[in-house]
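Student: Just passing along the structure, written as C-alpha cells.
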Amino acid sequence: MVKQALLFIVLIFFSFKGISQTTLFTETFESASTGTLTTGGTLSGWKMYQTTASVNEWTISTASFITGSKSLVVSNNGGTNAQYTVNDDCDKIAFYATLIDASTFNSLTLDFKWKCNGQINGGNYNDYGAIVYSLDGTTWYELSSSYYQGQTTTQTVSNLDFSLLDYQQFYIGFKWINNTSTGNNPGMIVDDITLKGVKEGGKSIGSPSSTNQQYQPFNAWWGYTRSQSIYTSAEIGKFGTITKVKYYVKKATATAIPIKIYLKTTTSNTTTTTDSWTTSIVGATTVLNTSLTFNTAGWYTIDITDFSYTSDNLMILIESNYTGAGTSASNSPEFSYTSATNLHSIWEQDNTLPDANAPSIRDGLRPNVIFLYDEFYWEGDVIQLGRLQVIGHQIGYLHLQVKLQFRVEQHIHQ
Ligand SMILES: [Ca+2]
Ligand SMILES: [Ca+2]
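Using our numbering, the final residue of the sequence shown is 1364, and nothing's skipped along the way.
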C-alpha cells in the first residue's frame, strides 16, 4: 500500500525598509491667488491673525519670491514689493486656515524656506519672523524661541522638530513682528512649507502649549517619590495594546533614576487622598523596572511590557527611587504637566520609603503623556492569501515586503 503525505510549508519573510514619513501638509503658493491676507475670508486657504494693526501685511506675492513665482511675503503695498514700514509696528500671523490632522502621527517635522533681513539690536529681536501654532485658530504659541532674521538670501530649514504637536490637530502659522523704528528689507518671506509625520497609533494627553514643569513623575530631588495618575477612557478615547509611553522632558539632566512603572485599569475618576502607595499598587501590572536617564529635552519614549488596555480608566503608578536625600535641584530632570483636577497624587520622602504612608497629596499636576499602541496601518490593494489577509504592501511607518516560499514534499511509504 502506498501512502502519500503532502507536506506543505509556507515560509513568510518580512523585511522592513525603515521608517517612512507621510506628508501632512505642503504649500508652494504656486497655485495660490496673489493678494493680501485678511482676518475675514481666506485667500487660497490662508488667513491672517492680528495682534497689532499695521500697514505691513502678509501677502501672497510674486515680489522677491523664493521658488517658482510666488511666496508668502510681508509687504506694505499689497505685495507689490517685499518691503515693510519700519515706523509702523506690526504683530501679525499668516496661517493656513484648515486644521492639520496629525492625530495618528508622531515624529512631526517641518521643512520650509525663508528670507528675512529685519532687525536685531543688542541681542534683542526687534523685527523678525517666528513659527507659531494654534489649537483653535485664536490662541497662538511660538513653537520655540528660534527667530528668523538677518538673511537676505534664501535659507532652508529641514526637519525642524515639530514633535511637540504629535497626535494633535492644529493650525500652523508664521508670525511677523516689527517695532516702531529702524529695520532692513525684506521682512519675512516664506515658501515651500512641508509638514511630515510618521503614522503610528497613539494618543497625546495634556496641553502641548503648557509651560508648566515639575520633577514628577520621575523625581530625583527626593530620595523616594511616587506618582499616581489617572487618564480617563474619555480622554484616551481608544482601547488596545499599549506598547510604549512618552513623557515630555522640559529640563534634561544626566542623572540616572531607578524607576518602576505600573499600569492598571480603574473605574475611579479620582486619584487617592486616603490610600497608601502599597494599597494603590494592588492589582497593578509592573510594566517596567529599570533605571532611566532623561538627558534629551522633548518627548522621551519608554518601552514598556505590552499592556492590554480593554476597559475603564487607566492608572499609571510610578516609583522613583534615587535613594538617600535625592540629588540637587539642578540635577533633577523636569517634566511637562497640565493641571487636571483630582487626577494626580504624590508621595515624596527622603531616606525611607513612603510606601506605607497615607494619605498622599492630591495635587492635580498631571504629567503630559503619549500612549503608543500596537497598531498597523495598511494602504493599497487587498491581496487574499487563504486565511491570511494582507491589505497592500505599504504600512504607515514601515515598508513591508512579503515573500512566500512554498515547498512541496512527497513521502512514499511502502
Ligand atoms: Ca513658491
Ligand atoms: Ca525695527
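We put the beta carbon where it would ideally sit given N, CA and C, even for glycine.
Given the structure is predicted, the values throughout are model-derived calculations rather than measurements.
1) Looking at Asp1141 and ligand 1, is the gap between the Cβ and the nearest heavy atom below 7 Å?
2) DSSP three-state label for Ser970, please.
3) Do Ser1021 and ligand 1 come close, with the Cβ less than 7 Å from some heavy atom?
4) Round the Cβ separation of Lys1125 and Gln1163 to the nearest angstrom and send it over; I've been treating them as touching at under 8 Å.
5) So is Val1005 buried or exposed if we call it buried at 16+ other beta carbons inside 10 Å?
6) Which residues in the same chain have their Cβ closer than 7 Å to the Cβ of Thr973, if we skip the five residues on either side of it in sequence?
7) When you compare only the Cα positions, how much space is there between Phe979 and Ser1021?
8) Within a Cβ cutoff of 6 Å, which residues of the same chain sit near Ser1289, ignoring the five residues on either side of it in sequence?
9) Across which residues does DSSP place Gln1033 in a beta bridge pair?
10) Check whether the Cβ atoms of Leu993 and Ser981 sit closer than 8 Å, and answer yes or no.
11) When the distance is taken between beta carbons, is Ile1254 closer than 8 Å to Val1232?
12) Just tell me which of Tyr1197, Gln1000 and Asn1135 has its CA closest to the CA of Cys1066.
13) In whole angstroms, what separates the C-alpha of Asn1026 from that of Cys1040?
14) Determine the closest residue to Trp1064 out of Gly1072, Trp1090 and Val1023, with distance taken between C-alpha atoms.
15) So, helix, strand or coil for Glu977, using DSSP?
16) Can you tell me the Cα-Cα spacing of Ala1052 and Lys1153, whole angstroms?
17) Would you grab the beta carbon distance between Ser1282 and Ala1170 for me? Rounded to a whole angstrom, and I think it's under 8 Å.
18) Please classify Gly1211 as buried or exposed, where buried requires at least 16 neighbouring CB atoms within 10 angstroms.
19) Excluding the five sequence neighbours on either side, which residues of its own chain have a C-beta within less than 6 Å of the C-beta of Thr1017, listed in chain order?
20) Measuring CA to CA, which of Ile1043, Phe1015, Thr1175 and Ser1011 is closest to Gly1028?
21) Just the C-alpha distance for Pro1167 and Glu1325, rounded to the nearest angstrom, thanks.
22) Taking only heavy atoms of ligand 1 into account, decide whether any of them is closer than 7 Å to the Cβ of Phe1120.
23) Under a criterion of Cβ closer than 6 Å to any non-hydrogen atom of ligand 2, which residues qualify, in chain order?
24) Pick from Thr1277, Asn1271, Thr1243 and Leu1293: whose alpha carbon is nearest that of Tyr1265?
25) Spatial neighbours of Ser1280 within its chain, please: CB distance less than 8 Å, with the 5 preceding and 5 following residues excluded, ordered by chain position.
26) Mark Ser1241 as exposed unless 16 or more other C-beta atoms lie within 10 angstroms of its C-beta, in which case mark it buried.
27) Using a Cβ-based criterion (distance less than 7 Å to any ligand heavy atom), does Gly1018 qualify as near ligand 1?
28) Taking C-beta to C-beta, are Ser1084 and Tyr1121 nearer than 8 Å?
29) Thinking C-beta only, is Tyr1165 closer than 8 Å to Glu1284?
30) Are Thr1191 and Phe1257 touching if we call contact CB-CB under 8 Å?
31) What do you reckon, are the CB atoms on Ala1013 and Ala1044 nearer than 8 Å?
32) Among Gln1105, Ser970 and Ala1306, whose alpha-carbon lies nearest the alpha-carbon of Thr1228?
33) Which residues bound the beta strand (DSSP E) around Ala1206?
34) With DSSP as the reference, please indicate the residues paired to Gly985 in a beta bridge.
35) Using CA atoms only, rank isn't needed, just tell me which of Arg1312, Met1138, Tyr1046 and Trp1249 is closest to Gln1119.
36) Out of Lys1194, Thr1132, Val1195 and Thr1221, which one is the CA nearest neighbour of Arg1176?
Tutor: Let me spell this out:
1) Under cutoff, so the answer is yes.
2) Residue state, collapsed to three classes: coil.
3) Under cutoff, so the answer is yes.
4) Not a contact, Cβ separation roughly 24 Å.
5) The residue is exposed, with fewer than 16 neighbouring Cβ atoms inside 10 Å.
6) Taken in chain order, the residues that qualify are Thr1144 and Lys1146.
7) Taking C-alpha positions only, Phe979 is separated from Ser1021 by approximately 6 Å.
8) Around Ser1289: Gly1314.
9) Paired residues: none, contrary to the question.
10) No, Cβ-Cβ distance for Leu993 and Ser981 is not below 8 Å.
11) No; because the gap between Cβ atoms is not below 8 Å, this pair is not in contact.
12) By alpha-carbon distance to Cys1066, the top candidate from Tyr1197, Gln1000 and Asn1135 is Asn1135.
13) For Asn1026 and Cys1040, the distance between alpha carbons rounds to 11 Å.
14) With distances taken between Cα atoms, Trp1064 lies closest to Val1023.
15) Reduced to three states, the DSSP call for Glu977 is strand.
16) For Ala1052 and Lys1153, the distance between alpha carbons rounds to 10 Å.
17) With 8 Å as the limit, Ser1282 and Ala1170 qualify as a contact, their Cβ atoms being about 4 Å apart.
18) The sequence as given places Ile at residue 1211; Gly does not occur at that position. For Ile1211, the number of other beta carbons within 10 angstroms of its own is at least 16, and it is reported as buried.
19) Excluding positions up to five away in sequence, the list reads Asp1141 and Asp1142.
20) Minimum Cα distance to Gly1028 is reached at Ser1011.
21) Their backbone Cα atoms lie some 27 Å apart in a straight line.
22) No heavy atom of ligand 1 is found nearer than 7 Å to the CB of Phe1120.
23) For ligand 2, the residues with a Cβ under 6 Å from any of its heavy atoms are, in chain order, Val1036, Gln1069, Asn1076, Asp1077, Asn1128, Asn1129, Ser1131, Thr1132 and Gly1133.
24) The question names Tyr, but residue 1265 in the sequence shown is Met. Cα-wise, what sits closest to Met1265 is Leu1293.
25) These residues qualify, in order along the chain: Thr1203.
26) Classification for Ser1241: exposed.
27) Gly1018: yes, Cβ under 7 Å from ligand 1.
28) In contact: Ser1084 and Tyr1121 (Cβ atoms closer than 8 Å).
29) In this structure, Glu1284 places its C-beta atom within 8 Å of the C-beta atom of Tyr1165.
30) Against a cut-off of 8 Å, the Cβ pair of Phe1257 and Thr1191 comes out as a contact.
31) Taking 8 Å as the Cβ cut-off, Ala1013 and Ala1044 do not qualify as a contacting pair.
32) With distances taken between Cα atoms, Thr1228 lies closest to Ala1306.
33) Segment Ala1206 to Thr1216, the beta strand (DSSP E) holding Ala1206.
34) Paired residues: Ile1010.
35) Closest by alpha carbon: Tyr1046.
36) When each option's Cα is compared against that of Arg1176, the closest is Thr1221.
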